[in-house]
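No gaps in the numbering here: position 182 of the sequence shown is 686 in our numbering, and each next residue is one more. Cβ coordinates follow ideal geometry from the N, Cα and C atoms, glycine included. Here the structure is a predicted model, which means the values were calculated and not measured.
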Amino acid sequence: MDAQRPGSAGVHAILVHGMGRTPVSMLLLAKRLRAAGMTTHLFAYSAAFERWLPCVERLRKFIAARTGDQRFIVIGHSLGCVLTRAALPHLARQPELGVFLAPPTKASSYAMKLAQWRLFRLLTGEMGQLLARQDFMDTLPVPDIPLRVYAGTKGPRGNWMPFGDEPNDGILSVKEVQLGEIPVQLLPTIHTVIMNSRQMTDDIVRAVQARPGHG
């Protein structure tokens, strides 16, 4: 599921979708990146049917095969960010930029509440269960590359809501996407469509163009 702008020798962008989604969810973002001259590659996986470690290894091979010795960035959404964090240490070459969209960085309170339900376990498989385990989340390394982390803030708020009055995207609170000391960029959107933010896409394009070697 690869595409390239004709005549463009732009930066490669690896896009990794979230849990319960498909590469279709990343198509608008991919289209906008191609319009900026990048080559896009969409990684597909199924949380329901794949095991964690084989999927991480498949992502590693996918990235290596499509980027070679070219410049590249990696963009993940939700669980796609977790897969990316696990795969990066095993790459021979690191991306010049990582973009994490609504990344769960702690055991997700949403996943912990749903993990007791058999249907949730069936639909999300091993990967969904891992998101509910703090001991697992603590094993994931913080990538040693330039990172941009984005969180949505348009989730429901109120004393009677799951996150109370905390800013959230409907699935994760802003606190749950905080990764170390990396600043979190806030977007007026929700979890399921954060990848369609024009503001975020423009940020990525500017960041890539500012990197040495552009053009």
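Distance check for S677 and R536, CA to CA, integer angstroms please. Mapped onto the sequence shown, residue 536 falls at position 32. Mapped onto the sequence shown, residue 677 falls at position 173. So the alpha carbons of these two residues sit roughly 27 Å apart.
In the DSSP assignment, the alpha helix (DSSP H) including L605 goes from what residue to what residue? As a first step, residue 605 must be located in the sequence shown, where it is residue number 101. It is not in any alpha helix (DSSP H) - L605 instead sits in the beta strand (DSSP E) that spans 601-605.
With DSSP as the reference, identify every bridge partner of I518, one or two as the case may be. Here the question's residue 518 lines up with position 14 in the sequence shown. DSSP lists H545, V578 as partners of I518.
Measuring straight from C-alpha to C-alpha, what distance separates M542 and V697? Translated into the one-based positions of the sequence shown, residue 542 becomes position 38. Translated into the one-based positions of the sequence shown, residue 697 becomes position 193. Approximately 21 Å, taken between the alpha carbons.
Extent of the continuous alpha helix (DSSP H) to which G656 belongs: Here residue 656 corresponds to residue number 152 of the sequence shown, with the count starting at 1. From DSSP, G656 is part of no alpha helix (DSSP H) but of the beta strand (DSSP E) over 651-656.
Which first and last residues belong to the alpha helix (DSSP H) in which L531 is found? As a position in the sequence shown, residue 531 is number 27, starting the count at 1. Unbroken alpha helix (DSSP H) run through L531: 531-539.
Just to check my reading of the structure: P593 and V653 have Cβ atoms closer than 8 Å, yes? What is that Cβ distance to the nearest angstrom? Position 89 of the sequence shown, counted from the start, is the residue given in the question as residue 593. Position 149 of the sequence shown, counted from the start, is the residue given in the question as residue 653. Going by Cβ atoms, the distance from P593 to V653 rounds to 18 Å, so no, they are not a contact pair.
What does DSSP give as the partner residues of Q689 in its beta bridges? Against the sequence shown, residue 689 aligns to sequence position 185. DSSP lists Y654 as partners of Q689.
Rounded C-beta distance between G602 and V578? I'm assuming under 8 Å. Stepping through the sequence shown from its first residue, residue 602 is reached at position 98. Stepping through the sequence shown from its first residue, residue 578 is reached at position 74. The Cβ separation is near 5 Å, so the contact holds.
Cβ distance (whole Å) where H521 is taken to contact H581 below 8 Å: Along the sequence shown, read from residue 1 onward, the residue named residue 521 stands at position 17. Along the sequence shown, read from residue 1 onward, the residue named residue 581 stands at position 77. Correct: roughly 6 Å between the Cβ atoms.
Answer with buried or exposed for F553, where buried requires no fewer than 16 other C-beta atoms within 10 angstroms of its C-beta. What you label residue 553 is simply residue 49 of the sequence shown in a count that begins at 1. Flag for F553 reads exposed.
I'd like to confirm the pairing. Which residues does DSSP put opposite S677 in its beta bridges? Position 173 of the sequence shown, counting from 1, holds the residue named residue 677. Per DSSP, N672.
DSSP three-state call for I694: helix, strand or coil? For the purposes of this step, residue 694 is taken as residue 190 along the sequence shown, with counting starting at 1. The answer is coil: DSSP assigns I694 none of H, G, I, E or B.
Please report the Cβ distance between L635 and A611, rounded to the nearest whole angstrom; I am assuming they are in contact, meaning their Cβ atoms lie under 8 Å. Position 131 of the sequence shown, counted from the start, is the residue given in the question as residue 635. Position 107 of the sequence shown, counted from the start, is the residue given in the question as residue 611. 7 Å between Cβ atoms; contact.
Nearest-angstrom Cα separation, counted from S701 out to D707: The residue labelled residue 707 in the question sits at position 203 within the sequence shown. The residue labelled residue 701 in the question sits at position 197 within the sequence shown. Those two C-alpha atoms are separated by around 10 Å.
Where F566 and I518 are concerned, what is the direct C-alpha to C-alpha distance, given to the nearest angstrom? Taking the sequence shown and counting its residues from 1, one reaches residue 566 at position 62. Taking the sequence shown and counting its residues from 1, one reaches residue 518 at position 14. Cα-Cα distance, rounded: 9 Å.
Report yes if the CB atom of P660 is closer than 8 Å to the CB atom of R589, and no otherwise. Locating residue 660 in the sequence shown gives position 156, counting from the first residue. Locating residue 589 in the sequence shown gives position 85, counting from the first residue. No, the pair does not count as a contact, with Cβ atoms beyond the cut-off.
Could you round the C-beta distance between E685 and P650 to whole angstroms and report it? I think they count as a contact, below 8 Å. As a position in the sequence shown, residue 685 is number 181, starting the count at 1. As a position in the sequence shown, residue 650 is number 146, starting the count at 1. Going by Cβ atoms, the distance from E685 to P650 rounds to 14 Å, so no, they are not a contact pair.
How would you label E561, buried or exposed, when you count the other beta carbons within 10 angstroms and need 16 or more for buried? Taking the sequence shown and counting its residues from 1, the one referred to as residue 561 is at position 57. The residue is exposed, with fewer than 16 neighbouring Cβ atoms inside 10 Å.
Whole-angstrom distance between N663 and G514, CA atom to CA atom: Against the sequence shown, residue 514 aligns to sequence position 10. Against the sequence shown, residue 663 aligns to sequence position 159. Whole-angstrom Cα-Cα distance: 48 Å.
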